[in-house]
Structure formats: structure tokens, C-alpha cells
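Undergrad: Once you've had a glance at the structure underneath, I'll fire off some questions.
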Amino acid sequence: MRNREIVPFLFIMLITGLCAWIAFAPDNTWLGRDVSVRLGLDLQGGTQVLMKADGVVEKDIMATAATVIEKRVNGLGVSEAIVQLSGKDRIIVELPGVRDPEQAIETLRGTGRLEFIDTKGKFLNEGTIVRTSGNPEPKVPEVDASKPVDPANPQPTVSPEVYQSITDGRDLDTRQVALRVTNDKISTKPAVSFAFTGQSASDLATFTAANIQKPMCIVLDNVIVSCPVVQSALIGGSGEITTNARADAEKILNQLKYGSLPITLSIESSRTVSATLGANSVQASIVAGMVGLIIVALFMIIYYRLPGLLATVALIIYSIIIFAIHKLIPITLTLSGIAGFILSIGLAVDANVLIFARLKEELRNKRSLLRAVDAGFDEAWPAIRDSSASTLITSAILFVFGNSFGVSLIKGFALTLALGILLSLFTAVVVTRTFLRLIVRNEGLHSPWLYEISNDPDLQEQSAV
Amino acid sequence: MKNIVSLRYIWFLISLLVIVPGAIYFALYGLRTGIDFAGGALWDLHFTTTQTKDLNTEKIGAIFAQNGFEGAQVQVSTVKVDGKEIASAVVRTKELSATAPEQQQRTILAALTKAYGEVNRESLQSVGPTVSAEATRSAAIAVLGACVAILIYLTVAFRKAPNPLRYGVCALIAMLHDVLVVLGMAAILGHFIGLEVDAYFLTALLTIISFSVHDTIVVFDRIRENLMHRRAGEVFDDIVNHSIVQTLPRSINTQLTSIFTLTALLLFGGVTIRNLVLVLLIGLISGTYSSIFNASQLLVVWEHQEWRTWFRRGSSAEA
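Chains U and Z are the protein sequences, given in the same order.
Position 435 (the first sequence) corresponds to 434 in numbering that gives the first Met the number 0; numbering is contiguous.
Position 251 (the second sequence) corresponds to 250 in numbering that gives the first Met the number 0; numbering is contiguous.
In C-alpha cells:
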């Protein structure tokens with residue numbers, strides 16, 4: 000007979016111990032695995048964008064584009080970034096903890112098409128948007144014609160003429176793209192060196208040999224980067240782009256190094272959250288969670304006495320397991336996920352409340368304590384099962400629906416809620432039950448006061464039914 | 000014994016008293032949709048070197064208009080960050096450009112810095128028209144899908160009780176009641192405190208749906224059980240009433256614990272999810288009410304097919 004409780008009890012202790020070990024693992028490593036809590040963008044700050052390819056794009060081209068973007072993301076050095084294809088023509092990029100989101104997104108979605116153009120001896124200003132024979136229809140930011148132009152920040156205009164491209168961006172040898180910082184006496188200017196191969200290399204050599212002491216413009220994604228004067232013929236197709244700031248050089252490096260994007264991407268939606276806002280949300284949520292747990296525990300103990308105390312222990316075990324699962328899988332913790340967790344505390348309590356309400360009834364019907372415990376669980380089970388199932392159905396629908404980008408925050412909520420329901424079944428049905436059974440074997444804990452049944456005003460009425 | 004069932008038309012009246020004003024506001028003003036469903040951009044800006052009183056909503060709006068965002072709605076307030084009071088502005092504009100959003104952000108921030116000193120962009124969300132249209136469609140599908148799935152599940156779960164379909168339909172009507180209450184309250188709150196219907200609101204609504212059914216199932220489960228042990232001569236009304244009385248402590252206690260945790264979230268849980276929590280509170284209270292005072296009562300109405308007498312007795316019965 001005793002084994003009936005001992006085995007589940009040991010099982011509970013084992014699970015709890017294991018989860019506590021994971022949850023409170025020193026240095027957030029458990030068995031050589033990183034188990035630190037993953038915070039979502041809303042909690043640690045960062046940016047998330049949904050980019051859409053212009054026009055109709057084939058599936059493998061989208062995949063190539065995603066790979067290029069992923070390499071560029073790695074080049075940015077952002078950890079835990081996510082690059083994901085979504086639907087037929089969309090790419091979702093999440094950059095947690097990124098410091099300059101605008102710069103990062105610009106780097107990622109720049110096509111990275113490098114061209115040299117023949118300007119017929121003209122110098123063009125940096126930043127000018129030009130039509131080239133490689134891409135005669137560049138994308139220009141929309142300009143509102145009715146607005147006066149801010150002189151400090153003139154809107155870029157597009158050159159009417161189409162310049163002849165000497166090189167083709169596809170011939171760029173990405174292995175030879177590198178960052179160079181030249182330290183001559185006049186200035187320190189970061190530069191990106193590169194090399195063309197094949198037809199572009201020989202075309203470049205021919206052109207530079209014929210145009211010594213004339214300007215030649217370097218164009219990146221149809222924007223003039225610089226117009227150096229040709230000093231000598233560029234044999235072997237190599238050269239370099241000088242920039243004014245290291246950040247600019249790094250951006251160009253990143254765009255050239257991993258190859259050009261086969262498509263142009265426009266931004267459909269974006270979300271940026273600062274790190275301070277995120278940190279405040281984490282603190283607020285921890286306080287709210289603690290306060291909520293303490294109030295619920297007090298309420299359970301005051302109202303249900305001994306079973307309430309056991310339920311509180313079960314609730315603590317529940318919290319430890321949930322936390323461990325989040326760290327182990329890992330599930331990214333978001334603000335709505337925390338809300339889902341705190342709501343699931345209510346669900347976990349509800350299962351216990353249902354059982355205790357039945358337990359009281361059974362005790363009023365003069366059952367023995369042990370039989371009342373078992374009967375209480377058996378009677379409460381259908382209600383717990385059906386209500387959990389209906390909540391699980393809704394969370395499944397929320398989860399599937401949460402895949403749609405505009406509402407991606409719903410997914411975290413649905414996941415924590417579903418996890419909460421499944422676990423609360425475990426804690427209510429296995430943990431609380433085992434504890435109660437162990438307790439009722441102890442003769443010293445049979446006082447009716449502990450079960451709050453002696454002075455119930457409804458006792459007469461209930462048993463009369 | 001308190002007879003809850005015999006007063007059923009009073010409970011329906013109370014529901015109507017809550018739903019009708021909300022419906023009127025809904026009809027007059029509609030819901031205030033957030034950028035998730037309406038599209039647009041939301042800028043949350045903190046001014047670290049300026050006092051709130053020095054911020055001018057019209058001037059900020061003009062700065063946005065000069066940089067291509069006409070009709071910006073500006074709201075200025077003071078927020079507390081780590082005990083320090085910081086001037087903040089929340090600005091709603093049309094969505095960022097698809098081709099050069101980075102440039103737009105830089106020019107706006109530079110122009111604001113010129114006017115007010117250091118500006119921190121706390122958060123910025125922009126939702127394009129296709130995405131918001133998709134979100135709206137998905138939202139409708141999600142709510143309908145949840146309804147159908149729950150109806151099917153309940154009919155199957157209650158297949159051993161007489162007339163299983165009734166339980167599903169009554170639970171669904173009670174759920175609809177809660178959806179109406181929440182939408183009505185959202186319309187009223189939208190009108191008075193500017194509550195926006197966004198993705199968080201939708202999350203809250205779907206949670207309310209599932210919790211409402213959760214509550215109803217607990218009561219229905221008792222009715223099912225008591226019906227199986229039905230004594231001869233016991234009328235349906237009494238069984239329902241008895242079941243409600245039996246589950247009342249549980250309903251109240253569960254409700255209380257949810258209210259405790261939600262109030263904790265409301266008071267300490269940060270600004271971002273405050274609306275989510277507020278809507279959840281309203282919905283959960285409505286959900287408990289409807290499971291006791293609507294869903295179960297409707298079973299009785301259906302059992303007696305009372306709608307036959309509604310028109311015979313005139314409007315008094317309906318009220």
C-alpha cells in the first residue's frame with residue numbers, strides 16, 4: 000500500500016530537483032549547455048523587420064537572399080539573431096540588442112551591387128543616385144513634391160542620363176573583399192579593397208589604361224561612393240573604396256563580402272524597442288509575478304488551510320518546472336509570455352480549487368479522509384479535463400494564427416499558456432494528490448480545522464441535499 | 000435554498016444593461032484600432048533634457064509634418080524610469096516608407112534633437128497596409144475557428160448527457176455574451192481613455208473566450224453529473240440550481256485568484272501590457288458571470304422551450 004505514494008513522491012522530488020538544478024544552474028550552464036534565459040525583443044531591446052521582395056520571386060532565389068542576409072547578420076556580430084523566410088516572398092529579421100538598428104537594417108537589405116561607371120570625364124558628388132546600364136531604374140526614396148526641401152538635408156535626385164557600367168557586380172570576387180586602414184601622414188581613412196574577375200577585370204584594365212588622369216566613379220547600389228582620378232591602369236581588376244568613417248567602411252565590407260542580394264527588398268513592418276524600456280519591463284514583470292504568487296499563496300492557505308499549503312508547495316514546484324523548461328528548450332521569454340505565465344498560475348490554482356471543493360464535500364458526507372481525497376480527485380477530474388482541453392484548443396489556434404507577422408507576440412503567449420495548462424494538470428493531479436495522500440496517513444494531521452470543515456455555515460444545507 | 004434559476008430573466012436583464020451601452024458606443028464611435036490592424040507607425044520618444052511642460056504637441060506635430068508625416072497625433076506625458084521623471088511623447092503617424100525607413104527615422108530624430116535636445120527612441124513600430132490587412136483577416140479566422148472548435152469539443156464531451164448539442168450552443172452563447180461585453184467596453188474605454196484595439200487586445204479576447212468556456216464547463220460538468228444521478232421527480236430547474244450552488248465557491252475562488260494575479264500585473268507589470276490586463280480583468284469577470292447566470296440559465300430556458308411564451312406574454316417576459 001505504501002508504495003502507492005512513495006513511488007510518485009520520489010518521482011516528483013526527482014523532477015523538481017532536476018528542474019531546480021537547471022533553473023538555478025551556476026553561470027547559466029548546465030551539463031555544458033548554455034541555459035541562460037532568452038529574452039525577446041520587447042524585453043532586451045532590439046529590432047525586428049519584415050522585408051518583402053519586390054515583384055515575383057522564385058523560391059530558391061528567396062532562399063539565396065535569406066542566406067546572404069544571414070551571413071551579413073553574422074558579420075554584424077549580433078548574437079541570437081533570427082533570419083527566417085516567411086511565406087513566398089518575405090523575410091523576417093530579428094536583431095536583439097542591436098545598438099544602431101537603422102544602420103544594421105540598411106546594411107542587411109542593401110543589394111550590394113558594386114559597379115564602375117564611365118562618366119565621360121565628369122566628377123559626380125558622393126551620394127548622387129545614378130542610372131547605370133547595369134540597373135537603369137534605381138529605387139528612389141519617395142519625395143513629396145509639395146514640401147519645401149530642407150537645405151541641410153536635400154532629397155537625393157536621380158541623374159537623367161544612363162551611365163555605361165564598366166563592370167558587372169556578379170564578377171566581384173567576394174573572397175578578396177577586405178577592410179584596409181591606410182595610415183598615411185595626411186589622414187586615416189578606412190577603405191575596402193576588392194577585386195573583380197573574368198570579363199569585368201579585363202574591361203576595367205582596358206578602361207583605366209585608356210583614361211589615365213580622368214575620373215572614374217565607383218557606384219554601390221546606384222549611389223556614387225567616390226570618383227577617384229585614375230592614376231594608372233588597374234591590372235588584375237583590383238582596387239579599393241575609401242570612406243570617411245569606419246562604420247561606412249564596415250557597412251560596405253559587409254555588403255560586398257557575402258555577395259550581392261539577388262533581389263531588392265522593401266520594408267513592410269518594423270518594430271524597434273530600446274534596451275532601457277526592455278529592462279524596465281523585465282523588472283516590472285518580476286515584481287508583478289512575485290506579488291501575484293504571494294497573494295495567491297496567502298489566499299489558498301487562509302481559505303483552504305492544510306490543502307492550501309500543499310497547493311502552494313505544488314505551485315512553487317510548478318513555477319520551478321516552467322522556468323527550467325524555458326531555460327532548457329529554450330523558449331524566448333516575451334512580455335506577453337510572462338502575462339501568459341501569470342495567467343497560468345490562475346489555471347494551476349483552479350485545478351486545485353476544484354479538487355479541494357470536492358474534497359470538502361466528501362468530508363462533509365462523512366467519508367474517511369483517505370477515501371475523501373481519492374473521491375475528490377476522481378470527481379473533479381472530468382471538469383479539469385474538459386476545461387483544460389478547451390483552453391488547449393484555443394491556445395493551439397492562437398499559436399497557429401500567431402505565425403502571421405503583425406501579431407507575432409501572440410505566439411509566446413499561446414505557448415506559455417498551453418505549457419501552463421499541461422503542467423498544471425501534472426501538479427494538480429500528481430503532485431497535490433501525492434502530498435495529500437502522504438499527509439492523511441499522519442494521524443496528527445486529521446483535525447477538521449486543518450481542512451476547514453467544522454465551522455462551515457453551509458454545512459447543514461449542503462448535507463441536506 | 001437560494002433559487003438562482005427562478006430569477007433567470009433578472010440575470011439576463013443585468014447582462015443587457017451592460018451590453019446595450021457598450022453596443023451604443025460601438026455603433027456611434029466604433030473601436031479605436033491600433034496600428035496592428037489599421038496600419039501606421041507608433042513612435043515612443045523620451046526627451047532626457049527637456050521638461051514635459053516645455054514639450055509642445057503642435058510643434059512636435061509640425062516637425063513630423065515637415066519630414067513627410069502629416070497628421071501626426073502627438074500625446075505628451077511624464078513617465079518614471081528608475082525613479083526619474085522623464086518627458087515623453089507618443090506619436091502616431093502613417094507607416095514608414097518601404098524603401099528608405101532608416102533615412103526617415105534619422106531625419107525625424109535629428110529635427111527633434113535640434114528642437115528639444117537629446118531624444119531617445121524608446122520604441123518604434125511600423126505596420127504596412129498589407130500586413131495590417133492580413134492581421135485583421137487572421138484575427139477573424141482565429142475567433143471563428145476557436146468558436147467552432149469549442150462547439151465541436153463540447154458536443155463530443157457532453158455526448159452522454161441528454162441533448163449534447165445544447166451544452167455546446169449555450170456555452171457558445173455565453174461566450175458570445177463575453178465577447179460583446181468586452182467589445183462594448185473597448186468601445187467605451189476607447190472613447191474615454193483612448194484604449195486601442197491591437198494585437199494585445201486580440202490576445203486578451205481569445206483568452207477570455209477560452210476562460211469563459213472553461214468556467215461554463217465546470218458548471219455544466221456538475222449538471223451532467225447530477226443529471227446522471229437524477230432522482231425521480233426532480234425537475235431540471237432544481238438540478239441546474241443545485242449544480243450552480245455547488246460550484247459557486249469554486250467559481251468565486253478561482254475568480255478571486257485570477258483577479259489577484261491580474262491586479263498585481265495591472266499595478267506592477269509595466270505600461271506595455273496594461274491594456275491587455277485591463278481587458279482581461281473585464282472579460283474574466285464577465286466570463287464567470289455568464290457561465291453562472293447565462294449559460295446554465297439558457298439550458299433551463301431551452302429545456303422548457305420558453306421562447307414560445309415570450310411573445311404570448313408580451314415584452315415583460317423578455318425583459
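Cβ atoms here follow ideal geometry from the backbone N, Cα and C, with glycine treated the same way.
#1: For Asn134/U, does the three-state DSSP call read helix, strand or coil?
#2: How about Phe259/Z: is its C-beta nearer than 8 Å to some C-beta of chain U?
#3: Ignore the nearest five residues each way along the sequence and tell me which others in Thr127/U's own chain have a CB closer than 6 Å to its CB.
#4: Taking Cβ-Cβ distances shorter than 7 Å, what residues in chain Z pair up with Pro381/U?
#5: Give me the Cα-Cα distance between Ile59/Z and Ala134/Z, rounded to the nearest whole angstrom.
#6: Pull up the distance between the alpha-carbon of Val197/U and that of Arg169/U, whole angstroms please.
#7: Which ranges does the alpha helix (DSSP H) cover as unbroken runs of at least 4 residues, wholly within the segment 158 to 246 of chain U, from first to last along the chain?
#8: Pull up the distance between the alpha-carbon of Gly291/U and that of Tyr303/U, whole angstroms please.
#9: Whole-angstrom Cβ separation of Ala140/Z and Phe340/U, contact assumed at under 8 Å?
#10: Along the alpha helix (DSSP H) that carries Gly470/U, what are the first and last residues, could you check?
#11: Can you list the residues of chain U that Asn119/Z reaches, using a CB-CB cut of under 7 Å?
#12: Let me confirm a value: Asn162/Z is counted as buried when at least 16 other C-beta atoms fall within 10 Å, else exposed. Which label applies?
#13: Identify each residue in the segment 289 to 321 of chain U for which the Cβ-Cβ distance to at least one residue of chain Z is less than 7 Å, and report them in chain order.
#14: Take Asp214/Z and list the residues in its own chain whose beta-carbon comes closer than 7 Å to its own, dropping the five residues that flank it on each side.
#15: Could you name the residues of chain Z that Glu239/U contacts, counting a contact when the two beta carbons are closer than 9 Å?
#16: Secondary structure at Val196/Z, three-state DSSP: helix, strand or coil?
#17: Are there three or more Cβ pairs, one per stretch, closer than 8 Å when the segment 277 to 291 of chain U is compared with the segment 266 to 278 of chain Z?
#18: In chain Z, which residues lie with their C-beta within 8 Å of the C-beta of Ser85/U?
#19: Does chain Z have any CB closer than 8 Å to the CB of Glu136/U?
#20: Taking all protein chains shown into account, do 16 or more other C-beta atoms lie within 10 angstroms of the C-beta of Arg136/Z, making it buried, or fewer, making it exposed?
#21: What residues from chain Z crowd round Ile81/U, counting only those whose CB sits closer than 7 Å?
#22: Can you have a look at Ile68/U and say buried or exposed, based on whether 16 or more other CB atoms are within 10 angstroms of its CB?
#23: Counting only beta-carbon separations shorter than 8 Å, does Ala356/U have a partner in chain Z?
#24: Starting from Val92/U, trace the beta strand (DSSP E) both ways and give me its first and last residue.
#25: In chain U, which residues lie less than 8 Å from Pro161/Z when you measure between Cβ atoms?
#26: Less than 6 Å between C-beta atoms, sequence neighbours within five positions excluded: which residues of the same chain meet that for Pro135/U?
#27: Does chain U have any CB closer than 8 Å to the CB of Leu201/Z?
#28: Between Ile81/U and the rest of its own chain, which residues show a CB-CB distance below 6 Å, the 5 nearest in sequence each way excluded?
#29: Please tell me whether Val97/U and Thr46/U are closer than 8 Å, where the distance is taken between their beta carbons.
#30: Can you tell which of Val429/U, Asn243/U, Tyr450/U and Val439/U has the C-alpha that lies nearest to the C-alpha of Val6/U?
#31: Which residue marks the beginning of the alpha helix (DSSP H) containing Ser85/U, and which one marks its end?
#32: Using beta-carbon positions only, say whether Val72/U and Leu107/U come within less than 8 Å of one another.
#33: Along the chain, where does the beta strand (DSSP E) containing Phe25/Z start, and where does it finish?
#34: So Gln74/Z is in the beta strand (DSSP E); what residue range does that whole segment cover?
#35: Go ahead and pull the three-state DSSP assignment for Lys470/U.
#36: Mind reading off the beta-carbon distance from Ile208/Z to Leu283/Z? Whole number of angstroms is fine, and I expect it under 8 Å.
TA: From the atom records:
#1: coil
#2: yes
#3: Ile223
#4: Asp220
#5: 30 Å
#6: The question names Val, but residue 197/U in the sequence shown is Gly. In a straight line, the C-alpha of Gly197/U is about 10 Å away from that of Arg169/U.
#7: 197 to 209
#8: 18 Å
#9: The identity of residue 140/Z in the sequence shown is Ile, whereas the question assumes Ala. Between Phe340/U and Ile140/Z the Cβ distance is about 26 Å, and since that is not below 8 Å, they are no contact.
#10: Outside the displayed range of chain U (0 to 464) lies residue 470/U, so it cannot be described from this structure.
#11: Ser273
#12: exposed
#13: Val290, Gly291, Ile294, Val295, Phe298 and Tyr302
#14: Ser250, Gly286, Thr287 and Ser290
#15: Residues of chain Z passing the Cβ test: none, with the nearest at roughly 26 Å.
#16: strand
#17: yes
#18: Going along chain Z, no residue has its Cβ under 8 Å from Ser85/U, so there is no contact; the nearest lies around 11 Å.
#19: no
#20: exposed
#21: Under the 7 Å cutoff, chain Z gives no residues; its nearest Cβ is about 18 Å from Ile81/U.
#22: buried
#23: yes
#24: Arg89 to Pro95
#25: Within 8 Å Cβ-Cβ: nothing; Pro161/Z doesn't reach chain U, min ~17 Å.
#26: Val161
#27: yes
#28: Glu93
#29: yes
#30: Val429/U
#31: That residue, Ser85/U, is in no alpha helix (DSSP H); its beta strand (DSSP E) goes Ile81 to Ser85.
#32: yes
#33: Where Phe25/Z is concerned, there is no enclosing beta strand (DSSP E), although the alpha helix (DSSP H) it sits in stretches over Arg7 to Tyr28.
#34: Gln72 to Val80
#35: With chain U covering 0 to 464 only, the question about residue 470/U has no answer from this structure.
#36: Contact flag wrong, Cβ pair sits at about 11 Å.
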